[in-house]
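Novice: Quick one: the structure is below, and I'll ask about it shortly.
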Amino acid sequence: LVGPARTSVAPARTTSVTSGWDAVAEFLAASEAMGRVGAALADGATGRSRGREAELRTALQDAIARLQRLAHAAGVNLQEAQQETQ
-7 LVGPARTSVA PARTTSVTSG WDAVAEFLAA SEAMGRVGAA LADGATGRSR GREAELRTAL
53 QDAIARLQRL AHAAGVNLQE AQQETQ
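Here's what the structure looks like:
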């Protein structure tokens, strides 16, 4: 043996700020959700409308939730941003 085994590790510092990688992960999830919105819209455009409304609603709800998470991870207040554009 070289020496005693370490029995504890110093706790990692935690902060309320998310990392840049959190924002990247949320961006990718939002992009995937928007892809599902596009697929639902394309299905409707090609005449496959059976269940399209429910599928589109679910995809849009997920996309909105993912965009909100992305904004949070990026430190953007969506309500303030929306007010600025009006």
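Residue -7 is where the sequence shown starts when you use the numbering used here, and the numbers rise one by one after that. For every residue, glycine included, the Cβ atom is placed at its ideal position computed from N, Cα and C.
1) Quick check on the burial criterion: 16 or more other C-beta atoms within 10 angstroms. Buried or exposed for residue 40?
2) Do you know how far the Cα of residue 27 is from the Cα of residue 53?
3) For residue 62, is the classification buried or exposed, using 16 other Cβ atoms within 10 angstroms of its Cβ as the cut-off for buried?
4) So for residue 23, helix, strand or coil by DSSP?
5) By how many angstroms is the C-alpha of residue 13 removed from the C-alpha of residue 37?
6) Is residue 77 a contact residue of the ligand COA, with contact defined as CB to any heavy atom under 7 Å?
Specialist: On the basis of the data shown:
1) Looking at its Cβ environment, which holds fewer than 16 other Cβ atoms inside 10 Å, residue 40 is exposed.
2) So the two alpha carbons sit approximately 13 Å from each other.
3) Burial call: buried.
4) Look at residue 23 here: in three-state DSSP terms it is helix.
5) One C-alpha to the other measures close to 36 Å.
6) Absence of the ligand COA from the depicted structure is noted, as is the absence of any ligand whatsoever, leaving it without description.
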